[in-house]
Amino acid sequence: MEKIILKGITWGHSRGLLPLQAYAQRFNELNPEVEIVWKKRTLQEFADFPIEELTKSYDLLIIDHPWVGCAAATSCVLPLDRHLPKEYLINQQENQVGRSHDSYFFGGHQWALAIDAATPVASYRKDLFEKNKTLIPDTWSGVLELAKAGKVAAPAIPIDLLMNFYMFCQFHGQIPFQSDREVVDHYTGLKALETMRGFYGLLDPQFFNANPIKVAEIMSSSDDYWYCPFAYGYSNYSRPGYARNILTYGNLVKYKDNQRLRSTLGGTGLAVSEFSANKDWALKYAQEIVSESNQIHEYTANGGQPGHRKAWLDERNNLLTQNFFSNTIQTLDESFIRPRYHGYLHFQDHAGDPIRDFLMGKLDADAVLEKVDKIYKKSKNV
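For this note's numbering, count along the sequence shown from 1 and bump the result up by 13.
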């Protein structure tokens, strides 16, 4: 009997690869006729080669929730509500972290399962704060004071700056994308950019080339930086033995009226290609790896950051990660969901560039908002 081989595509980090490979091995032990091979690629490669093209070559795909508008428009992945048991999807919906499961529901269909949940959260070197007898910031003003002392790190590549621009627009009172003509009103946009310049201007310029993984690596491998106020969380760095020093994670700081910053939901979903020659096997693997039991146990144990709420509340998982999950779940529950219309990814791929240029002193604020809105209208075909 010829062996069935399923191909999957994911992103290149321990969190995004190892739990998929681990369950592929277990799946093969239970189903010897099926082998699942996972390939990794960089986040930039995901941006450079459209996922809809990848569906022609891969059976299983790890996706970002803003892509589901494209999924609905092209039907290149399976609507899982037509293939998975209703009670299974109800369990996923009732046990989501934040709105992770809902973020993959678009146009009346569920295009992926929330296999992984994340949003920007705070991280810090608890040992350094204790050694220096310094309090961990809990307010925005406290973050700025620590940044002035040169102890703060934060990712500042274009995509992360754009996600934080959404956050700072809400900081100043407006939720982005309420209009088809502009991302936010001009006043709010200027205030958000001004707040961002006040913060990023205090950081080492090296962070304009650092993503959240790079920041976590810098913070865990040296004693130069004690605190990061917002970067997509990675529970791996809170696990003993993963990096030289452990990072502790927590919710975002307060800024006014005791309100906390509201970050932008990330995480990933698992989708099944419409072009797969072995859809039933691909669906079986997807259903099992995102199941409540696997997410609580094997998925998390193998370095994953699960999408199922019971895994986040599990006592053993929190012991394993210095309470990463229980310490940050509030921020995930409060997080902002990006637009998912077909075309949004064009905006996301380009709108962070002028913000970065502004923060590096290459562009004025009015020009930034003009460029951002131009990109937005192009993405909406307005």
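Glycine is no exception: its CB is placed at the ideal position from the N, C-alpha and C atoms.
Does DSSP put residue 9 in a helix, a strand or coil?
There is simply no residue 9 to check, as the chain begins at 14 and stops at 395 in what is shown.
Opening and closing residue of the alpha helix (DSSP H) in which residue 205 lies:
199-213
Going by C-alpha distance, which of 184, 122, 227 and 314 is nearest residue 99?
122
One question on the structure: do residue 105 and residue 91 come within less than 8 Å of each other, judged by their Cβ atoms?
By the CB criterion at 8 Å, residue 105 and residue 91 fall outside the cutoff.
If residue 229 sits next to residue 274, beta carbons under 8 Å apart, how far is it from one beta carbon to the other, in whole angstroms?
The Cβ separation is near 19 Å, so there is no contact.
Tell me, please, which residues DSSP counts as bridged to residue 64.
Paired residue(s): none; residue 64 is not in a bridge.
Does the Cβ of residue 204 have 16 or more other Cβ atoms within 10 Å, making it buried, or fewer, making it exposed?
buried
Which residue or residues does DSSP assign as beta-bridge partners of residue 263?
Paired residues: 135.
Just to confirm, are residue 212 and residue 157 a CB contact at a threshold of 8 Å?
yes
Given residue 353, which residues of its chain have a CB within under 6 Å of its CB, disregarding the five upstream and five downstream residues?
79, 81, 82 and 119
Return the first residue and the last residue of the beta strand (DSSP E) that residue 11 is part of.
Given that the chain is displayed from residue 14 to residue 395, the structure contains no residue 11 and the question cannot be resolved.
Sorted by chain position, which residues of the same chain lie with C-beta nearer than 8 Å to residue 326's C-beta, five sequence neighbours on each side aside?
338, 339 and 342
Which residues share a DSSP beta bridge with residue 152?
Answer is 267, bridged to residue 152.
Compute the Euclidean distance between the alpha carbons of residue 232 and residue 250, then round it to the nearest angstrom.
10 Å
May I have the straight-line CA-CA distance separating residue 370 from residue 41, to the nearest angstrom?
Each residue's Cα considered, the two are about 49 Å apart.
Is residue 205 close to the ligand ZN? I mean its beta-carbon at under 7 Å from any heavy atom of the ligand.
With respect to the ligand ZN, the structure shown offers nothing to examine, as it has no ligands at all.
DSSP three-state assignment for residue 350, whether helix, strand or coil:
It is coil, neither helix nor strand.
CB contact flag (residue 35, residue 318, <8 Å)
no
How far does the alpha helix (DSSP H) with residue 20 in it reach, from first residue to last?
Counting along the chain, residue 20 falls outside any alpha helix (DSSP H), though it belongs to the beta strand (DSSP E) covering 17-24.
Select from 372, 76 and 357 the residue whose C-alpha is nearest the C-alpha of residue 23.
76
Since residue 333 and residue 128 are thought to touch, with beta carbons under 8 Å apart, how far apart are those beta carbons, to the nearest angstrom?
The pair is not a contact, with the Cβ atoms about 19 Å apart (cut-off 8 Å).
Taking all protein chains shown into account, decide if residue 199 is buried (16 or more other Cβ within 10 angstroms of its Cβ) or exposed.
exposed
Label residue 243 either buried or exposed according to how many other C-beta atoms from any shown protein chain fall within 10 Å of its C-beta, with 16 as the threshold for buried.
Residue 243 is classed as buried because its beta carbon has at least 16 other beta carbons within 10 Å across all chains shown.
What are the boundary residues of the alpha helix (DSSP H) that residue 242 is part of?
Per DSSP, residue 242 lies in no alpha helix (DSSP H) segment; the continuous beta strand (DSSP E) that holds it begins and ends at 240-245.
Provide the residue(s) that pair with residue 119 in DSSP beta bridges, ordered along the chain.
122
According to the neighbour-count rule (16 or more other Cβ atoms, all chains shown, within 10 Å of its Cβ), is residue 72 buried or exposed?
Buried is the call here.
Sequence-distant residues of its chain with Cβ nearer than 7 Å to residue 376 (five each side left out)
367 and 370
Are the segment 209-225 and the segment 174-182 touching, with three or more C-beta to C-beta distances below 8 Å?
Contact between the segment 209-225 and the segment 174-182 is present, because at least three Cβ pairs lie under 8 Å.
What do you reckon, are the CB atoms on residue 151 and residue 266 nearer than 8 Å?
For residue 151 and residue 266, yes; Cβs fall inside 8 Å.
If the criterion is Cβ atoms closer than 8 Å, does the pair residue 374 and residue 174 meet it?
no
Residue 386 classed as buried or exposed, judged by whether at least 16 other C-beta atoms fall within 10 angstroms:
Counting every other CB atom within 10 Å of its CB across the protein chains shown gives residue 386 a total of 16 or more, marking it as buried.
What does a CB cutoff of less than 6 Å around residue 113 pick up in its chain, not counting 5 residues either side in sequence?
127, 130, 280 and 320
Expressed to the nearest angstrom, what Euclidean distance is found between the alpha-carbon atoms of residue 44 and residue 18?
The alpha-carbon atoms of residue 44 and residue 18 are separated by roughly 12 Å.
At what residues does the alpha helix (DSSP H) containing residue 329 begin and finish?
Segment 328-333, the alpha helix (DSSP H) holding residue 329.
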